[in-house]
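Protein chains in written order, with my numbering: chain A, 4 to 211; chain B, 1484 to 1710; chain C, 44 to 95; chain D, 58 to 302.
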Amino acid sequence: MSDATLLQINNLSCIRDDRVLFEHLSLSLAGGQMLLVEGHNGSGKTSLLRILTGLKLADEGDILWNGVSITKLTADYYEQINYVGHHDGVKRELTCLENLRLVQAMGKPADMDLDDALEAVNLYRYGDTPVSNLSAGQKRRLALARLLVAESTLWILDEPFTSLDKKSMASFETMFEQHLQNQGMIVMTSHHQIDMPESNLLRLDLSA
Amino acid sequence: MNRLSLSQAFIFLLRRDLTLVFRNRGELANPLLFFVMVITLFPLAIGAIPELLARIAPGIIWVAALLAAMLSLDSVFRSDFEDGSLEQLLLSAHPMPVLVLAKVCAHWLVTGLPLLLMAPVLAEMLGMASEAQGILLLTILIGTPVLSLIGSIGVALTIGLRKGGIILSLLVLPLYVPVLIFAASAIDGAGAGFDVSPQINMLLAFLFLSVSLSPWATSAALKMSMS
Amino acid sequence: MSEFLNMGGYAVYVWSSYGLAALILWLNWYLPRRQHQQLLQQNKRRRHGTGE
Amino acid sequence: MFLWFHKFGSPPHFYRIAGKWLPWLGVTFGLLLIAGLYGGLIYAPADYQQGESFRIIYIHVPAAWMSLFVYMVMAFCGVVIIVWRMKLAEVVLISSAPIGASFTFLALATGSLWGKPMWGAWWVWDARLTSELILLFLYLGVIGLHSAIDDKRIASRAVAILAIVGVVNIPIIHYSVEWWNTLHQGPTVTKFDKPSIDMRMLIPLLIMALAFKIYYVMALFQSCRAELLRRERNSKWVEELSGSN
């Protein structure tokens, strides 16, 4: 990954049912940086993240990836991002391993063994267990395992720590730091206190 | 490791959807049961007059197939929509229309194909002429995929709505009219001993048209529904 | 005149067609117009409500 | 050209222009309507077969033409919405739907009123009436879908897709129904639009068709203005508007 990798938000506005969630938002994020989006409920955090993924269209403004609008890039951009939203995006009828295989099939597979990925999120024992038998926290960990098995530069995470305990939070924070050290980027929202080095952390407060 | 090729991704998703259905076997028979029951209602409602039933059999079977196809449509995207898999598919590096086509194919294999197996039994029960039965199967084979493809557009448009069911039928049924006309008339014609290749050719044309166009509309509609 | 109104015995059909057309065209023009005026008034009220 | 398009497409500009045009459209429509009515009801001779009842075609045929025309306009707007995401197209599309549905309903109702004395029944499965009925369902689908989705910008994109899908299907449905009709009823059914129509009958028909078209633009502008106000009630230009009144 070169230093040129850059996510730019240009003059972005989002209006929902007459209410302006945010207006004229501009910032940029380089490799190795993390953007923490803060704000009270309904301040537009999720909307901003979904606009960044390209799932939602902004009412005004543009998102540029290496200088090119993401609406023009589509598939080339999707290959670069990984999104974990409110929903885990895992099928309850399939086992953990089958779910991860699906993630790989639909994206760009990383050079990581699926078993190792499960080990990393502490689910190794559950490889052949159907997801419907997992707890909420375990499902969340499986959802986050997609970050390891599909290669991507930009991670877009909407409340990744929901239903996770302290210990797994800490291990994911280490994983995030690793990703930043590899010149990756993270955009995330979280109600939890984040215990990560402030040096490459940007904060954006949408309630202001 | 490399990204899957397009055809590999298509087959992978098709197999995934089939696996999902077989792990929920209970729901598999529902559209088929509906199809059989609707047809059973007709003799009860209009009287078991053999000539009359044989005369209207193509129409009944096709209207029932149409309704069964429509009612089963909701399941194409429903569970993927609810658990967030759909947004992950939209963010996939593969082109969405191809993935949509895979899902619709899987859906047709489990809902459309069983109708094909059941249709001869029902045709016999309604006393349909045996010359017409082959054509009946042919029209179902060609026609029901068209129903699934067109219907998937309607489902994609209404998936985010709480009460999408009624509005779905309002959107989709008018678009089913041409298939219904040509399929029923092909069976009628075959029963009367006419050459029905024009009707069959029309149905084939509908199939090619909907295979090539509807996945685009469906993925555009899914994108709209997810935003 | 009465011959004209009689329409060669088809008066009911002809005049109800024209009447229906008049009604439908009038409705399509009148309803949006009324809505437009209501919206203008609402806006005025809102403006005065928040402005002062 | 594109600049003009862009300027015309901006909501405040369109709102003003539409307001200015409305009276002129009204006058034109009035004049055409008087001419058309005079031509259709008095000037045109009675049909030798159908007698005076044929005068219903001066409502029926223009309404049927408009029902198709309005759908084409909607599909065109649909393309503009999908490709350029133009706000004005969204407003035009959804404002057109009730007008188009009304024209379709009018064509159906007058067809039925004409059919009663001609065929002796209020409804026959004639090709044109059946196509109009299906077209009405298509219109109702657009209206229903739009009202079912709360977020109006998303709703506009949904109906845009639906209108485009519909317009691809309309010719297919139309020819299927036509074909079905000849198959089941034979070509003996009298059609409204005979190829050899008397000039004195044709001219009023064309005038009425033009009057309906002008009426559509007029009703469309009227309802677009209301829809624009509703959608943009928080924007600056609407606030300025209520200030200046």
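Glycine included, C-beta positions come from ideal geometry on N, C-alpha and C.
Keep in mind that this is a model prediction, so the values were computed, not measured.
Query	Result
What residues in its chain sit with their C-beta under 8 angstroms from that of B:PRO1603, if we drop five residues either side in the sequence?	GLN1616, LEU1619, LEU1620
Roughly how many angstroms lie between the CA atoms of D:THR245 and D:ALA184, to the nearest whole one?	Note that D:THR245 scores 42 on pLDDT, short of 50, meaning its location in the model is unreliable; the coordinates nonetheless yield the value given after this. Distance between the alpha carbons of D:THR245 and D:ALA184: 12 angstroms.
On a Cα-Cα basis, can you pick out the residue from D:HIS70, D:MET265, D:TYR272, D:GLN106 that is closest to C:GLY51?	D:GLN106
Return the residue from the list D:TRP236, D:PRO119, D:ALA146 that minimises the CA-CA distance to D:VAL137.	D:ALA146
Among D:SER67, D:PRO68, D:ALA75, D:HIS70, which has the Cα closest to the Cα of D:MET275?	D:ALA75
Between the alpha carbons of D:ILE91 and C:GLY62, how many angstroms are there, rounded?	15 angstroms
Buried or exposed: A:GLN184, going by 16 or more other Cβ atoms within 10 Å of its Cβ?	exposed
Can you list the alpha helix (DSSP H) stretches of 4 or more residues lying completely in the region 157-230 of chain D, in chain order?	184-205
Of the residues A:LEU209, A:GLU180, A:SER210, A:ALA173, which one's Cα is nearest the Cα of A:HIS195?	A:ALA173
So D:LYS173 contacts chain C; which residues on that side make the cut at Cβ distance below 7 angstroms?	TYR56
Relative to the C-alpha of B:LEU1584, which residue among B:LEU1644, B:ASN1684, B:PHE1495 is closest?	B:PHE1495
Are the beta-carbon atoms belonging to B:ILE1522 and B:MET1608 less than 9 angstroms from one another?	yes
If you measure from the beta carbon of B:VAL1629 to each beta carbon in chain D, is any gap under 9 angstroms?	no
What ranges does the alpha helix (DSSP H) occupy inside the region 112-165 of chain A, keeping only unbroken runs of at least 4 residues that lie completely in it?	117-123, 139-152
Just list the residues that DSSP pairs A:ASN224 with in beta bridges.	An answer regarding residue 224 of chain A cannot be provided, because it is not within the stretch 4 to 211 covered by chain A.
Grouping DSSP H, G and I as helix and E and B as strand, with all else coil, what is D:VAL246?	Any reading at D:VAL246 must be qualified, since the residue scores a pLDDT of 42, below 50, and its modelled position is unreliable; no value is offered.
Along chain C, in chain order, which residues have C-beta atoms closer than 8 angstroms to that of D:VAL199?	Under the 8 angstroms cutoff, chain C gives no residues; its nearest Cβ is about 16 angstroms from D:VAL199.
Counting only beta-carbon separations shorter than 9 angstroms, does A:GLU132 have a partner in chain B?	Checking the sequence shown, residue 132 of chain A turns out to be Thr, not Glu. It does not; no Cβ of chain B falls within 9 angstroms.
Would the beta-carbon of A:LYS111 fall within 9 angstroms of that of A:GLU63?	no
In whole angstroms, what separates the C-alpha of D:VAL140 from that of A:THR74?	12 angstroms
Taking one C-beta from the region 1664-1674 of chain B and one from the region 1532-1545 of chain B each time, how about it: are there three or more such pairs within less than 8 angstroms?	yes
Report buried or exposed for A:LEU177, applying the criterion of at least 16 other Cβ atoms within 10 angstroms of its Cβ.	Note on identity: in this sequence residue 177 of chain A is Thr, with Leu being the wrong assignment. Counting Cβ neighbours within 10 Å, A:THR177 comes out exposed, since fewer than 16 surround it.
Note down the Cα distance separating B:PRO1681 from B:ALA1547, rounded to an integer number of angstroms.	24 angstroms
So which residues of chain C does D:SER110 contact, with C-beta pairs closer than 7 angstroms?	TYR53, TYR56, VAL57
With a CB to CB cut of under 6 angstroms and the five nearest residues on each side skipped, what residues in its chain are close to A:HIS43?	SER210
Taking only three categories from DSSP, how would you classify B:VAL1679?	coil
Residues of the region 1561-1585 of chain B with a CB closer than 7 angstroms to any CB of chain A: list them in chain order, please.	ASP1566, GLY1567, SER1568, GLU1570, GLN1571, LEU1572, LEU1573, LEU1574, SER1575, ALA1576, HIS1577, PRO1578
With a threshold of 9 angstroms between beta-carbons, can D:SER124 be considered close to chain C, or not?	no
How long is the line joining the alpha carbons of D:PRO174 and D:ARG73, rounded to whole angstroms?	48 angstroms
Verify whether the separation of the beta carbon atoms of B:SER1701 and B:ILE1636 is less than 9 angstroms.	According to the sequence provided, residue 1701 of chain B is Thr. The question's Ser does not apply to it. Yes, Cβ-Cβ distance for B:THR1701 and B:ILE1636 is below 9 angstroms.
Which residue or residues does DSSP assign as beta-bridge partners of A:SER16?	A:GLU63
Mind checking the region 44-61 of chain A against chain B and listing, in chain order, the residues whose C-beta falls within less than 7 angstroms of any C-beta there?	THR56, LEU58, LYS59, LEU60
Please classify B:SER1631: is it buried, with 16 or more other beta-carbons within 10 angstroms of its beta-carbon, or exposed?	buried
At a Cβ threshold of 9 angstroms, is C:MET44 touching chain D?	no
CB-CB under 6 angstroms to D:SER280, same chain, minus the five flanking residues each way: which ones, in chain order?	SER152
Does DSSP classify C:GLN78 as helix, strand or coil?	helix
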